[in-house]
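Participant: Below you will find the structure I want to go over with you.
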């Protein structure tokens, strides 16, 4: 597990520190304050590779650089594995334009999956990507990880593999969602059952998903395309599904593919399976209707538990997820365990970005979350309605002719921006009537 992450002179703040919980970690904050950046740094700390270094087709995941190139920059982190925990420090070398640190074999963090906001994924598999021993020497001659663009997830990933002697060759390391899932459906094996179960767990109760037949898209396109059945359509090819459904299907596929390929590779190599799994998830609420936002985190917890648990053992799972949604936080209230879970918030104070651990407190309602310190809105209304009500509240503290002069314009604005059943009306009407009686 990733226990601690500290950044100095890197990113939007002079210094940031995360002391992470072993199960669920949620990061909130306004746009541009560093949520996605923190997840990329977490991925690097666990794998020692920046996502875009492994796949230049990505539009994100670039190597982090110092905020002030003239000052020392440092990344510190602590990783816990089965063999214990170890702390690392890496400093930026401007002449080398890279992060330097302790040489040699790093600690094995377990299986790591990073869901990017643009639909891409990164996977680090200890069976397929970890250093291996040749005699008493640790050698990094395996692929350093698998980084998928959104297109790679659906159509397959090819990577260039170096050869001890000769020209590097291109090899396909993943067939992609369309081909793999079609094959699984036709085979009717374990992975077909896993995909069905995971999709069932991720879907909301009111909108269950069922697996449909495999079809061809056109006469000229001979690829087999899986289909799904929904409450409103008997058969929809997954390439025609909504953005939300495509993201859910891609998530289900990458989780099933990552775990099943890891188990298969571990068996083939005669090594132990991963003893822990880390899921990094950027903007977990992206594309999702509020009904789906309200279930996505509890569903992922259930999926990861069922996917990695068998008769032999239960594999612990750590989730680090960024979100903009108050519904996501409301949804975890029944599940949040302060001993195993944490909430973090990025905020601007004194013109600087600060990363704080937030004391967990149930808000009981999405609107309460919206106006809490975690999201920082004054009201859950439109901006115009908020301004009109704040002006009305300020007026209600005034007396005299000036208050009378402002009353009618503010009343007209309230009528324009508020519905007739808004709870502010009774308070305002009582005040207006008192003012009229005093004239």
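Residue numbers (the working numbering): 265 to 703. Glycine residues also receive a C-beta, built at the ideal position from the N, C-alpha and C atoms.
1. Quick check on residue 344: buried or exposed, where buried means 16 or more other Cβ atoms within 10 Å of its Cβ?
2. Tell me which residues share the same chain as residue 289 and place their Cβ nearer than 6 Å to its Cβ, disregarding the 5 neighbours each side in the sequence.
3. Report, in whole angstroms, the separation of the C-beta atoms of residue 474 and residue 492, which I expect to be a contact under 8 Å.
4. Ordered along the chain, which non-local residues of its own chain (more than five positions away) have a Cβ less than 7 Å from that of residue 555?
5. So, do the segment 658 to 678 and the segment 326 to 333 have three or more beta carbon pairs nearer to each other than 8 Å?
6. Under 8 Å: do the segment 563 to 577 and the segment 276 to 285 share three or more Cβ pairs, one atom per stretch?
7. Does the contact criterion of 3 or more C-beta pairs under 8 Å hold for the segment 552 to 567 versus the segment 592 to 600?
8. What did DSSP end up calling residue 694 once you bin it into helix, strand or coil?
9. Give me the DSSP bridge partner(s) of residue 348.
10. Who are the Cβ neighbours of residue 516 in its own chain at under 7 Å, not counting the five residues just before and after it?
11. Terminal residues of the continuous beta strand (DSSP E) containing residue 394?
12. Measuring only the C-alpha atoms, how far is residue 384 from residue 365?
13. Taking Cβ positions, are residue 306 and residue 266 nearer each other than 7 Å?
14. Keeping to the same chain, check which residues put their C-beta closer than 7 Å to that of residue 630; ignore five residues upstream and five downstream.
15. For residue 699, which residues in the same chain have their Cβ closer than 8 Å to its Cβ, ignoring the five residues on either side in sequence?
16. Quick one: what does DSSP say residue 282 is sitting in, helix, strand or coil?
17. Exposed or buried, residue 532, counting other C-beta atoms within 10 Å across all chains shown (16 or more means buried)?
18. Compare the Cα-Cα distances from residue 690 to each of 653, 664, 662 and report the closest residue.
19. Helix, strand or coil for residue 447 per DSSP?
20. Can you tell me whether residue 401 is buried or exposed, with buried defined as 16 or more other CB within 10 angstroms of its CB?
21. For residue 497 and residue 511, I'd like the C-alpha separation in whole angstroms.
22. Any contact between the segment 315 to 323 and the segment 620 to 629? By contact I mean 3 or more CB pairs, one from each, below 8 Å.
23. Output the boundary residues of the alpha helix (DSSP H) element that contains residue 519.
24. Taking all protein chains shown into account, decide if residue 525 is buried (16 or more other Cβ within 10 angstroms of its Cβ) or exposed.
25. For residue 478 and residue 446, which I take to be in contact (beta-carbon distance under 8 Å), what is that distance rounded to the nearest angstrom?
26. Taking the CB atoms as reference points, tell me whether residue 335 and residue 273 lie closer together than 7 Å.
27. Give the secondary structure of residue 455 by DSSP, where H, G and I count as helix, E and B as strand, and everything else as coil.
28. Measure the C-alpha to C-alpha separation of residue 304 and residue 325 and round it to an integer number of angstroms.
29. Should residue 621 and residue 586 be called a contact, given that it needs their Cβ atoms to be closer than 7 Å?
30. Quick check on residue 633: does DSSP put it in helix, strand or coil?
31. Here's the rule: buried if 16 or more other CB atoms are within 10 angstroms of the residue's CB, otherwise exposed. What is residue 430?
32. Measuring only between beta-carbons, confirm whether residue 687 sits less than 7 Å from chain C.
33. Could you check if residue 450 is buried or exposed, using at least 16 other CB atoms within 10 Å of its CB as the buried criterion?
34. Is DSSP giving residue 600 helix, strand or coil here?
35. Sort 379, 658, 657, 649 by Cα distance to residue 683 and report the nearest one.
36. Taking a contact to mean a Cβ-Cβ separation below 7 Å, would you say residue 287 touches residue 604 in this structure?
Facilitator: For this structure:
1. Working through the chain shown from its first residue, we reach residue 344 at position 80. That one is buried.
2. Within the chain shown, residue 289 is the residue found at index 25, counting from 1. Apart from sequence neighbours up to five positions away, the residues of its chain that approach residue 289 with a beta-carbon distance below 6 Å are 584, 606, ordered along the chain.
3. Walking along the chain shown from the start, residue 474 turns up at place 210. Walking along the chain shown from the start, residue 492 turns up at place 228. A Cβ-Cβ separation of about 7 Å places residue 474 in contact with residue 492 under the 8 Å criterion.
4. The count along the chain shown starts at 1 and reaches residue 555 at position 291. Once the five neighbours on either side are set aside, the close Cβ partners of residue 555 are 468, 470.
5. Output reads no: the segment 326 to 333 does not touch the segment 658 to 678.
6. Touching, no, given that fewer than three Cβ pairs across the two stretches are closer than 8 Å.
7. Yes, since at least three Cβ pairs between the segment 552 to 567 and the segment 592 to 600 fall closer than 8 Å, the two stretches touch.
8. Residue mapping note: residue 694 aligns to position 430 of the chain shown, counting from 1. Looking at residue 694 - three-state DSSP - the assignment turns out to be helix.
9. On the chain shown, position 84 is the one that residue 348 refers to. DSSP lists 345 as partners of residue 348.
10. Here the question's residue 516 lines up with position 252 in the chain shown. Taken in chain order, the residues that qualify are 459, 462, 463, 466.
11. To locate residue 394, count along the chain shown from 1; it is residue 130. For residue 394, there is no enclosing beta strand (DSSP E), as DSSP marks it with neither H nor E.
12. Taking the first residue of the chain shown as position 1, residue 384 is located at position 120. Taking the first residue of the chain shown as position 1, residue 365 is located at position 101. The straight-line gap separating the alpha-carbon atoms of residue 384 and residue 365 is approximately 28 Å.
13. Counting from one through the chain shown, the residue named residue 306 turns up at place 42. Counting from one through the chain shown, the residue named residue 266 turns up at place 2. Taking 7 Å as the Cβ cut-off, residue 306 and residue 266 qualify as a contacting pair.
14. Translated into positions along the chain shown, residue 630 becomes position 366. If we look at residue 630 and ignore the five residues flanking it on each side, its Cβ neighbours are 590, 591, 594.
15. Locating residue 699 in the chain shown gives position 435, counting from the first residue. Its chain contains 667, 668, 671 as the residues whose beta carbon lies nearer than 8 Å to that of residue 699, once the 5 sequence neighbours on both sides are disregarded; these appear in chain order.
16. Taking the first residue of the chain shown as position 1, residue 282 is located at position 18. Strand, per DSSP.
17. Position 268 of the chain shown, counted from the start, is the residue given in the question as residue 532. Exposed: under 16 other Cβ atoms inside 10 Å.
18. The residue you call residue 690 lines up with position 426 of the chain shown. With distances taken between Cα atoms, residue 690 lies closest to 653.
19. Mapped onto the chain shown, residue 447 falls at position 183. In this structure, residue 447 counts as helix in the three-state DSSP scheme.
20. Here residue 401 corresponds to residue number 137 of the chain shown, with the count starting at 1. Caution applies to residue 401, whose pLDDT of 42 falls short of 50 and renders its modelled position unreliable; the model cannot decide the point.
21. By 1-based counting over the chain shown, the position of residue 497 is 233. By 1-based counting over the chain shown, the position of residue 511 is 247. Residue 497 and residue 511: Cα-Cα distance of roughly 19 Å.
22. The segment 315 to 323 makes no contact with the segment 620 to 629: fewer than 3 CB pairs, one atom from each, lie closer than 8 Å.
23. For the purposes of this step, residue 519 is identified with residue 255 of the chain shown, where counting begins at 1. Residues 507 to 533.
24. Here residue 525 refers to the residue found at position 261 of the chain shown. Result: buried.
25. The sequence position of residue 478 within the chain shown is 214, counting from 1. The sequence position of residue 446 within the chain shown is 182, counting from 1. Indeed they touch by this definition, with Cβ atoms about 5 Å apart.
26. In the chain shown, counting from the first residue as 1, residue 335 sits at position 71. In the chain shown, counting from the first residue as 1, residue 273 sits at position 9. Yes. Within cutoff.
27. Locating residue 455 in the chain shown gives position 191, where the first residue counts as 1. Residue 455 falls in the helix class under three-state DSSP.
28. As a working mapping, residue 304 is identified with position 40 in the chain shown. As a working mapping, residue 325 is identified with position 61 in the chain shown. A direct Cα-Cα distance of roughly 6 Å separates residue 304 from residue 325.
29. Start at 1 with the first residue of the chain shown, and residue 621 comes out as number 357. Start at 1 with the first residue of the chain shown, and residue 586 comes out as number 322. With a cutoff of 7 Å on beta-carbon distance, residue 621 and residue 586 are scored as not near each other.
30. For this step, residue 633 is matched to residue 369 along the chain shown. Helix, per DSSP.
31. As a working mapping, residue 430 is identified with position 166 in the chain shown. It is exposed - the Cβ of residue 430 has fewer than 16 other Cβ atoms within 10 Å.
32. Going by chain labels, chain C is absent from the structure shown, which holds only one protein chain.
33. Indexing the chain shown from 1 puts residue 450 at position 186. By the Cβ neighbour-count rule, residue 450 is exposed, with fewer than 16 other Cβ atoms within 10 Å of its own.
34. In the chain shown, the residue the question calls residue 600 occupies position 336. The answer is coil: DSSP assigns residue 600 none of H, G, I, E or B.
35. Taking the chain shown and counting its residues from 1, one reaches residue 683 at position 419. For residue 683, the closest of 379, 658, 657, 649 by C-alpha to C-alpha distance is 649.
36. Here the question's residue 287 lines up with position 23 in the chain shown. Here the question's residue 604 lines up with position 340 in the chain shown. With contacts defined by Cβ atoms closer than 7 Å, residue 287 and residue 604 form a contacting pair.
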